[in-house]
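Following: one structure in structure tokens, then a few remarks.
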Amino acid sequence: MTNKRTVVIALGGNAILTDDPSARGQQQALRQTAKHLVALIKQEIQVVITHGNGPQVGNLLLQQQAANSPKNPAMPLDTCVAMTQGSIGYWLQNALEEELAAEGLPTKVATLVTQVVVSEKDPAFADPTKPVGPFLTEEQAQQMMTETNAIFKEDAGRGWRKVVASPKPIAIHDQASIRALVDNDFIVICAGGGGIPVTESGRGVEAVIDKDFASEKLAEVLEAEELIILTGVSKIALNYGKDNEQWLDQVNLTELEQYIQEGHFAPGSMLPKVQAAMDFVQVSKNNVAIITSLEDLADFDHETGTRIISD
Ligand code: ADP
Ligand code: MG
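Just so it is clear: in the sequence shown, position 199 is 199 by the UniProt record's numbering, and no numbers are missing.
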């Protein structure tokens with residue numbers, strides 16, 4: 001039985017995909033990521049790792065569509081999420097095992113294909129918001145919208161992406177097996193891409209669960225001491241990208257509520273992280289959530305990143 005501090009770590013897109021989308025390129029990026037993670041694992045912390053899959057599942061959907069035929073039918077989105085959990089988990093597990101071995105640490109790592117439960121009544125199904133797949137120009141997006149039923153939206157000033165429904169996770173279907181692995185000192189990679197969305201009756205649905213909310217739900221059910229959300233920035237900012245930009249070291253729930261109202265966090269990128277962090281702090285009472293970058297990770301006890309605390 002583990003008596004270490006349990007920390008759920010959510011990896012952002014930049015931990016997996018840099019500028020080379022080949023398998024080799026992503027494996028290389030994950031080797032760097034593994035080095036940062038092992039720096040934390042060395043500090044006697046029991047980590048449970050989740051990761052995004054937006055670009056990967058988007059590319060997979062494109063491949064599925066391109067080869068679609070009666071003998072080789074395109075797989076639906078839930079199945080594609082399962083496929084990317086497998087491929088990314090395989091890369092990350094190998095990278096971690098390699099780095100752990102190099103550091104002389106036990107190489108107990110497990111990847112779990114994870115289903116996450118959503119409600120069929122979730123209002124998100126009426127209003128798709130979750131970006132999947134590559135960034136397109138406005139012209140390309142408009143053309144796709146004319147030719148198919150797909151919906152495209154502008155994503156935080158970075159281009160246009162396809163959007164699907166993003167229901168809230170209400171339970172982790174595989175909670176018991178994740179718990180068993182954690183209790184036996186395994187580093188667990190799970191809930192990749194936010195998990196495979198399934199209904200309460202266990203049926204897969206065409207949707208994508210936000211990995212930050214899924215990570216929060218996981219941290220909640222595992223009663224983790226901390227939720228760390230890693231992304232492309234060291235800290236969260238007020239007036240992000242503007243002249244009067246202000247980076248936050250520590251912020252409480254009341255302050256964050258006000259900053260959300262003032263529109264400081266972009267929907268679809270920083271807003272879900274902030275909301276997931278707030279949910280975790282609220283539910284777990286005095287526990288802390290941290291939003292920071294992978295590069296700052298090993299140092300997170302020394303006041304890097306943004307700490308989200310209760311009032
Ligand atoms: P991930 O792949 O880690 O989920 P996202 O691109 O979805 O990353 O979201 C993180 C990005 O959100 C940051 O890299 C930054 O560009 C953007 N962002 C939007 N608003 C803010 C803000 N207020 N403070 C910091 N970053 C912000
Ligand atoms: Mg994101």
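Even for Gly, the Cβ is constructed at its ideal location relative to N, Cα and C.
Any heavy atom of the ligand MG within a distance shorter than 7 Å of the CB on S215? no
Report whether the distance from the Cβ of N53 to the nearest heavy atom of the ligand ADP is below 7 Å. no
Beta-carbon separation (whole angstroms), L92 vs L30, contact threshold 8 Å: 5 Å
Local Cβ density within 10 Å of Q85, reported as buried at 16 or more and exposed below that: buried
Can you tell which of A191, V163 and I187 has the C-alpha that lies nearest to the C-alpha of P169? A191
So what's F125 in DSSP terms, helix, strand or just coil? helix
Please report the distance separating the alpha-carbon of V288 from that of V281. 6 Å
Does the beta carbon of F265 fall short of 7 Å from some heavy atom of the ligand ADP? yes
Rounded to the nearest angstrom, what separates E295 and P70 at their Cα positions? 46 Å
Tell me whether the beta-carbon of I229 lies closer than 8 Å to the beta-carbon of A276. yes
Does the beta-carbon of G54 have 16 or more other beta-carbons within 10 angstroms, so that it is buried, or is it exposed? buried
Just to confirm, are K235 and T306 a CB contact at a threshold of 8 Å? yes
Quick check: is any heavy atom of the ligand MG less than 7 Å from the C-beta of G86? no
Leaving out five residues before and five after A66 in sequence, what residues of the same chain have Cβ atoms less than 6 Å from its Cβ? none
Determine the closest residue to N239 out of T148, F265 and A82, with distance taken between C-alpha atoms. F265
Can you tell me whether D279 is buried or exposed? The criterion is at least 16 other CB atoms within 10 Å of its CB, across all chains shown. buried
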